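Enquirer: The structure follows.
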Amino acid sequence: MSTAISTPDTVDRLSALLERFRVRAHLFHAGPLCGVTHFAAEPGRAFLHVLRRGAMRVTHPARSGAPRRLMVNEPTLLFYPQPLAHDFHNAPQEGSDFVCATLDFDGGSRHPLVQALPPLVALPVAALPDIEHTLALLFAETERVRCGQRLLANRLFEVLLLQTLRHLLDHAADHGMQTGLLCGLAHPKLARALTQMHERPGAPWSLAALAAAAGMSRSSFAAEFRAQVGMTPAEYLLRWRVSLAQAMLRDGASVKAASDALGYASAAAFSRAFTQAVGVSPRAWLAGP
1256 MSTAISTPDT VDRLSALLER FRVRAHLFHA GPLCGVTHFA AEPGRAFLHV LRRGAMRVTH
1316 PARSGAPRRL MVNEPTLLFY PQPLAHDFHN APQEGSDFVC ATLDFDGGSR HPLVQALPPL
1376 VALPVAALPD IEHTLALLFA ETERVRCGQR LLANRLFEVL LLQTLRHLLD HAADHGMQTG
1436 LLCGLAHPKL ARALTQMHER PGAPWSLAAL AAAAGMSRSS FAAEFRAQVG MTPAEYLLRW
1496 RVSLAQAMLR DGASVKAASD ALGYASAAAF SRAFTQAVGV SPRAWLAGP
């Protein structure tokens, strides 16, 4: 039985994450697949498949965290957030019909949502009524070649991903997520504090300020945050700031610029925090392989 968690509509739990760490979709297949189709695991590469009709067997490597074998016999969305090899098996005469896209997350495996998601999310299309119109547009665009078809299909896949993430936020426990970022964002009070951290990473956040944003006492906020997210608020804030700093440094920002943007008193203080989280200094990390 599905358990939805009610979070105030005034809290936008995803925009700040996806504005700072974008996801880009690229359509690469539309139509039937026959026999065995192999999808290799590539660093930083995710997949989003939609089975429109037909049936198939999906297999994954042992000890991958995904089911070794999965039978799919209804319209289904298959989302692989992390690099994971998978094979689709379907008899040639059955002609299963697909649209498939790769997803490139900014930061690859370091993207906060990638780290929070299971290896595979398999959702019957019937369980996602909000995606009906998106899928209708997506399949209409892939049925024949028209001007701008690939660009529009890519954007529709990105819309589809966002709608899928919305569903996962409202049903996190149903998909095996017991702790992590999505569990925190699914919590009606913790979501307020997390969203504030995402939107204002350079603010002088204290435990008291975060607890106030959540509308909780400091002790109950700290305990609930650790239970749901799997780390303390200070640890999460450090990881979030370091993730943003890594993106800034990759884009050519100086250590001082990253330090100023993220609210550190000095470049030295920022470097110490970065080293605590990553194990090497910002300059060493940037120069590394």
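Residue numbering for the sequence shown is 1256 to 1544, as defined by my numbering. We treat Cβ as the ideally placed atom computed from N, Cα and C, and that holds for glycine. The structure displayed is predicted, hence computed values, not measured ones.
Measuring only the C-alpha atoms, how far is R1473 from G1435?
Expert: 20 Å
Enquirer: What's the C-alpha gap between H1366 and L1493?
Expert: In a straight line, the C-alpha of H1366 is about 14 Å away from that of L1493.
Enquirer: Is M1256 helix, strand or coil when you go by DSSP?
Expert: With a pLDDT of 38 at M1256, under the threshold of 50, the modelled position of this residue cannot be trusted; read the value that follows with caution. Three-state result, M1256: coil.
Enquirer: Please state whether DSSP places M1503 in a helix, a strand or coil.
Expert: helix
Enquirer: So, P1373 versus G1320, is the Cβ gap smaller than 8 Å?
Expert: yes
Enquirer: Please report the distance separating the alpha-carbon of L1517 from that of V1510.
Expert: 11 Å
Enquirer: For P1316, collect the residues of the same chain with a Cβ closer than 7 Å to its Cβ; drop the 5 residues on either side in sequence, then sort them by chain order.
Expert: A1340
Enquirer: Helix, strand or coil for T1331, going by three-state DSSP, please let me know.
Expert: strand
Enquirer: Which residues in the same chain have their Cβ closer than 6 Å to the Cβ of S1514, if we skip the five residues on either side of it in sequence?
Expert: A1522, F1525
Enquirer: Starting from G1471 and walking both ways along the beta strand (DSSP E), at which residues does that stretch end?
Expert: Note on identity: in this sequence residue 1471 is Met, with Gly being the wrong assignment. Segment: none, M1471 is in no beta strand (DSSP E) and carries neither H nor E.
Enquirer: Where are the alpha helix (DSSP H) runs, 4 residues long or more, that stay fully inside the stretch 1356 to 1393, in chain order?
Expert: 1367 to 1371
Enquirer: Do A1482 and T1397 have their CB atoms nearer than 8 Å?
Expert: no
Enquirer: Return helix, strand or coil for S1261, following the three-state DSSP convention.
Expert: With a pLDDT of only 42 at S1261, under the threshold of 50, the placement of this residue in the model should not be trusted, and no figure is reported.
Enquirer: Output the boundary residues of the beta strand (DSSP E) element that contains E1293.
Expert: Inspection of the sequence shows that residue 1293 is occupied by His rather than by Glu. Note, H1293: beta strand (DSSP E), 1290 to 1294.
Enquirer: Please classify R1496: is it buried, with 16 or more other beta-carbons within 10 angstroms of its beta-carbon, or exposed?
Expert: buried
Enquirer: Count the other CB atoms within 10 Å of the CB of Q1337; is the residue buried (16 or more) or exposed (fewer)?
Expert: buried
Enquirer: Below 8 Å, how does it come out for the stretch 1451 to 1469 and the stretch 1417 to 1424: are there three or more Cβ pairs, yes or no?
Expert: Judged by Cβ distances under 8 Å, the stretch 1451 to 1469 makes no contact with the stretch 1417 to 1424, as fewer than three pairs qualify.
Enquirer: Would you kindly work out how many angstroms separate the C-alpha atoms of A1528 and G1534, rounded to a whole number?
Expert: 10 Å
Enquirer: For a quick check, are the C-beta atoms of C1289 and N1345 less than 8 Å apart?
Expert: yes
Enquirer: Quick one: what does DSSP say T1450 is sitting in, helix, strand or coil?
Expert: helix
Enquirer: Answer yes or no: do F1353 and R1307 have a C-beta to C-beta separation smaller than 8 Å?
Expert: yes
Enquirer: By a C-beta neighbour count over all protein chains shown, 10 Å radius and 16 as the cutoff for buried, is R1447 buried or exposed?
Expert: buried
Enquirer: Let's test the definition: count the other Cβ atoms within 10 Å of the Cβ of M1432 and tell me whether it reaches 16, buried, or not, exposed.
Expert: Buried, because 16 or more other Cβ atoms sit within 10 Å of the Cβ of M1432.
Enquirer: If I measure Cβ to Cβ from T1331 and keep anything under 8 Å in the same chain, skipping five residues before and after, which residues do I get?
Expert: V1305, L1306, A1377, L1378, P1379, V1380
Enquirer: Assign L1541 to one of two classes, buried (16 or more other C-beta atoms within 10 Å of its C-beta) or exposed (fewer than that).
Expert: exposed
Enquirer: So, with DSSP's three-state summary, where would you put V1343?
Expert: Correcting the residue type first, residue 1343 is Phe in the shown sequence and not Val. Strand, per DSSP.
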